[in-house]
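Chemist:
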Amino acid sequence: MIGKKIGNRYEILALIGGGGMSLVYQAKDIYLNRIVAVKILREYFTSDNEFVRRFRREAQAVASLSHPNIVNIYDVGQDGDTHYLVMEYIKGKTLKEIINEQAPIPLNETIDIVKQICDALEHAHENSIVHRDIKPHNIIITRGGRVKVTDFGIARAVSTATVTHTRGIIGSVHYFSPEQAKGEITGEKSDIYSLGIVLYEMVTGKLPFEGDSPISVALMHIQNEPVPPSQHNPNLPDTIEKIILKAIKKNPDERYETVAKLRLDLRASLLGKTSAPVGDAVEQKVFRNKKSTPSVSDDTLVLDDKPILEKPLEKEYIKTRRIRPIGYLLITFFGLLIIGGAIWGLGQLWVKEEVLVPDIIELSAPEAQRILAAENLKMAIEREIPHPDIKKDHIISQDPLPETRTKAGRTIQVLVSSGPALVPAPNVVGSSQIIADVNITNDGLAVGKVEQQYSSKYANGIVMGQFPEAGELVPEKSTIDLVVSKGPEPRYISMPPLIGLDLNNVEARLQETGLVLGEVTRQKSELYSYDFVIEQNPIAGKEVFQGSKVNVVLSDGPGPSTQSARVVLKLNESGLVKIQVRDVKGDRIAYEKFHEQGDAFVVNVNYFGQGLITVYIDDKKIKEQVVPSEQ
Numbered sequence: 045m046i047g048k049k050i051g052n053r054y055e056i057l058a059l060i061g062g063g064g065m066s067l068v069y070q071a072k073d074i075y076l077n078r079i080v081a082v083k084i085l086r087e088y089f090t091s092d093n094e095f096v097r098r099f100r101r102e103a104q105a106v107a108s109l110s111h112p113n114i115v116n117i118y119d120v121g122q123d124g125d126t127h128y129l130v131m132e133y134i135k136g137k138t139l140k141e142i143i144n145e146q147a148p149i150p151l152n153e154t155i156d157i158v159k160q161i162c163d164a165l166e167h168a169h170e171n172s173i174v175h176r177d178i179k180p181h182n183i184i185i186t187r188g189g190r191v192k193v194t195d196f197g198i199a200r201a202v203s204t205a206t207v208t209h210t211r212g213i214i215g216s217v218h219y220f221s222p223e224q225a226k227g228e229i230t231g232e233k234s235d236i237y238s239l240g241i242v243l244y245e246m247v248t249g250k251l252p253f254e255g256d257s258p259i260s261v262a263l264m265h266i267q268n269e270p271v272p273p274s275q276h277n278p279n280l281p282d283t284i285e286k287i288i289l290k291a292i293k294k295n296p297d298e299r300y301e302t303v304a305k306l307r308l309d310l311r312a313s314l315l316g317k318t319s320a321p322v323g324d325a326v327e328q329k330v331f332r333n334k335k336s337t338p339s340v341s342d343d344t345l346v347l348d349d350k351p352i353l354e355k356p357l358e359k360e361y362i363k364t365r366r367i368r369p370i371g372y373l374l375i376t377f378f379g380l381l382i383i384g385g386a387i388w389g390l391g392q393l394w395v396k397e398e399v400l401v402p403d404i405i406e407l408s409a410p411e412a413q414r415i416l417a418a419e420n421l422k423m424a425i426e427r428e429i430p431h432p433d434i435k436k437d438h439i440i441s442q443d444p445l446p447e448t449r450t451k452a453g454r455t456i457q458v459l460v461s462s463g464p465a466l467v468p469a470p471n472v473v474g475s476s477q478i479i480a481d482v483n484i485t486n487d488g489l490a491v492g493k494v495e496q497q498y499s500s501k502y503a504n505g506i507v508m509g510q511f512p513e514a515g516e517l518v519p520e521k522s523t524i525d526l527v528v529s530k531g532p533e534p535r536y537i538s539m540p541p542l543i544g545l546d547l548n549n550v551e552a553r554l555q556e557t558g559l560v561l562g563e564v565t566r567q568k569s570e571l572y573s574y575d576f577v578i579e580q581n582p583i584a585g586k587e588v589f590q591g592s593k594v595n596v597v598l599s600d601g602p603g604p605s606t607q608s609a610r611v612v613l614k615l616n617e618s619g620l621v622k623i624q625v626r627d628v629k630g631d632r633i634a635y636e637k638f639h640e641q642g643d644a645f646v647v648n649v650n651y652f653g654q655g656l657i658t659v660y661i662d663d664k665k666i667k668e669q670v671v672p673s674e675q
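Dropping the structure here:
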């Protein structure tokens, strides 16, 4: 498959991955000059109409989605028996690779990644598309920290059809929802369950269910309760643990209703720096009653509508007392009134005004700080990271998000761009221009100006120079200028005469002068014999490039007839008389004899076509006579 061109447009460059249903290749879109990923259905599925329909359904479903956290679909087609899907090529690491390298992943990074996955799934769910195979292997993290959800290989359009799987469960068993493991119809809450498993693995480095076989793992999803993630990671906040355990409830009705609500709780968990499950629930327990509902604010994390504490706290403080004398009742009443007033007054000291968080993304850090200060907010730089598009010292992201409400005086956490990441320029000198384009693009760079020059060292189409030079550190997305060879510089030569030469001599003469025989045609001629040149283009004496093609017309016969010319001579001196004939058959001596001074005589000379007759005495020319083709 490598080197093959699919759909007369996509040149296959390398195999980069695959699954049970398809193989994924890196390819070059020769029309748009960009690198893409091409997913090709495995050959043994092409005769299976069910799999072909599933493959096309994937394309129809995902192509309808347009979101920065979902891999774009560019094209879908068929080339003979090859069914293919053309996707955005993403350069980065899978979340599975990152988990294997770093788990447990720092909490802020974990929440940032999961929030972006939520964004992608929310967009898909809003368009009635369920992924059904959420796992770290299908999530790619780019160098800039952007999450890309890929491989909607078993995605289903809920609005189109309900699929009953009779050929076995599809997906990855470690991330299955219980309903998937049972082979039941799945929906958006199956994606929430799988995402909860992914979150569990990110913060612990372990999977909640592992067994000797896929069947045993599937049964665990259905029957077993997971080990609380805090047992693997004691530093895990209670709030995050409760989010995970709610997401992976066995009963779909007990999970989050939507990924948007899961994301909301994740955001709230960043604000509450305590391990208490919901805000300051422990400190507030004296003042709650059975009918009160905790208010949702930036400092409150609501996991469900039930009380966090299973037993009402009021029972610990409300005791049944017998009626006391009226004096005791009055003292108690006024005492409670004073205490309650004092507590209310102290509470008011802590109540802060809520403000709207301004949008500071892509602003410079000083300007962002000034805008936040105007709203009575503070700013803290969490860290600086490279970003391919946002300028150095400008804001990449903020938490809380823009247009949300928060308490005045709150500190807004921001990520600041350190500018584009620096990457070494690849060495493309000596490569063909096509390979150079691929290598430059794969390194997150772009081809800039392309200049062509003659070279005696590099063949035509080979890169002979680049700027910046190989190994020099350059910003991502910057350009590499190329100098491409046009081959050796041609030189001018004078076109040699070819008319009157046969084909063998023509080829030898052209090879000597560095010219190339071009088109050869034939034409009837009575002047030149068969296979002799009667015309040439370019004409003799014209300046042409070395390596130019020369077209010739050869005689196709019948050739010249034999003719005779009378040469009349009267000698003024003695000597050896020679008569030379030059005609279409070449040069030859027609007469040679010694004569005395005063001799007068006539010589009949035969020639072909037209010719030139020259008379010599002792090699001294004494007469020249042109003879026509017809006399």
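Take the sequence shown: its position 121, counted from the start at 1, is 165 in my numbering, and no numbers get skipped.
Built from N, CA and C at the ideal position, the CB exists for glycine as well.
1) So if DSSP puts Met45 in a beta bridge, which residue, or which two residues, is it bridged to?
2) Could you give the DSSP three-state label for Ile543: helix, strand or coil?
3) Per DSSP, what kind of secondary structure is Ile74 in: helix, strand or coil?
4) Can you list, in chain order, the residues of its chain with a C-beta nearer than 7 Å to that of Asp349? Leave out the 5 residues immediately preceding and following it.
5) Using the three-state DSSP reduction, which class does Tyr635 fall into: helix, strand or coil?
6) Assuming Glu563 is part of the alpha helix (DSSP H), what are its boundary residues?
7) Apart from the five residues just before and just after Arg626, which ones in its own chain have a Cβ nearer than 7 Å to its Cβ?
8) Near Asp119, which residues of its chain fall below 7 Å by C-beta distance, leaving aside the five closest residues on each side in sequence?
9) So Thr126 is in the beta strand (DSSP E); what residue range does that whole segment cover?
10) So, at 7 Å on beta carbons, what are the nonlocal neighbours of Ile434 in its own chain, with the 5 sequence-adjacent residues on each side left out?
11) Specify whether the region 168–182 and the region 126–140 touch according to this definition: at least 3 beta carbon pairs, one from each stretch, less than 8 Å apart.
12) Tell me the DSSP bridge mates of Met423?
13) Can you name the start and end residues of the alpha helix (DSSP H) that Asp156 belongs to?
14) Taking Ile478 as the reference, give the member of Pro468, Val491 and Ala469 with the closest Cα.
15) Quick check on the DSSP output: the beta strand (DSSP E) that includes Glu406 runs from which residue to which?
16) Could you check how far apart the C-beta atoms of Ile425 and Ile415 are, in whole angstroms? I think they sit under 8 Å.
17) Per DSSP, what kind of secondary structure is Tyr651 in: helix, strand or coil?
18) Going by C-alpha distance, which of Glu563, Thr565, Val564 and Leu554 is nearest Gly591?
19) Count the other CB atoms, across all protein chains shown, that sit within 10 Å of the CB of Pro252; report buried if there are 16 or more and exposed otherwise.
20) Could you check which residue in Lys83, Asn77, Glu55 and Asp437 has the C-alpha nearest to that of Ala71?
21) Taking C-beta to C-beta, are Val247 and Thr154 nearer than 8 Å?
22) In three-state DSSP terms, what is Phe89?
23) Check Pro432 in the structure and name its three-state DSSP category.
24) For Arg190, which three-state DSSP category applies?
25) I'd like to know if the region 449–459 and the region 508–524 are in contact, where contact means that at least 3 CB-CB pairs between them fall below 8 Å.
26) So, helix, strand or coil for Leu598, using DSSP?
27) Look at Val193 and Asn279 and say whether their C-beta atoms are less than 8 Å apart.
28) For Asn471, collect the residues of the same chain with a Cβ closer than 6 Å to its Cβ; drop the 5 residues on either side in sequence, then sort them by chain order.
29) Going by other Cβ atoms of all chains shown within 10 Å of its Cβ, with 16 needed for buried, is Gln146 buried or exposed?
30) Cβ atoms of Leu613 and Phe645: under 8 Å apart, would you say?
31) What do you get for Gly62, buried or exposed, if any count of 16 or more other CB atoms within 10 angstroms of its CB means buried?
32) Using a Cβ-Cβ cut-off of 6 Å (strictly less than) and excluding sequence neighbours within five positions of Ile46, which residues of its own chain qualify?
Modeler: Answer, in terms of the structure:
1) Partner(s): none; Met45 has no beta bridge.
2) Note: Ile543 maps to coil in three-state DSSP.
3) coil
4) For Asp349, the pLDDT reaches just 32, beneath the cut-off of 50, and the residue's location in the model is therefore unreliable, although a value from the coordinates is still provided. Hits under 7 Å: none found.
5) strand
6) No alpha helix (DSSP H) holds Glu563; the beta strand (DSSP E) holding it covers Val560 to Ser569.
7) Gly655 and Leu656
8) Val130
9) Thr126 to Glu132
10) Glu406, Ile440 and Ser461
11) yes
12) Bridge partners of Met423: Ile456.
13) Its alpha helix (DSSP H) spans residues Leu151 to Glu170.
14) Its Cα nearest to that of Ile478, the residue Val491 stands out among Pro468, Val491 and Ala469.
15) Note, Glu406: premise wrong, no beta strand (DSSP E); not H, not E.
16) The Cβ separation is near 15 Å, so there is no contact.
17) Under the three-state reduction of DSSP, Tyr651 is assigned to strand.
18) Leu554
19) When all chains shown are included, Pro252 counts as buried.
20) Glu55
21) yes
22) helix
23) coil
24) coil
25) no
26) strand
27) no
28) Ala514
29) Taking all protein chains in view, the Cβ of Gln146 is surrounded by fewer than 16 other Cβ atoms within 10 Å, so the residue is classified as exposed.
30) Yes, they are a contact pair.
31) exposed
32) The beta carbon of Ile46 sits closer than 6 Å to the beta carbons of Ile56 from its chain, once the five residues preceding and following it are set aside; these are given in chain order.
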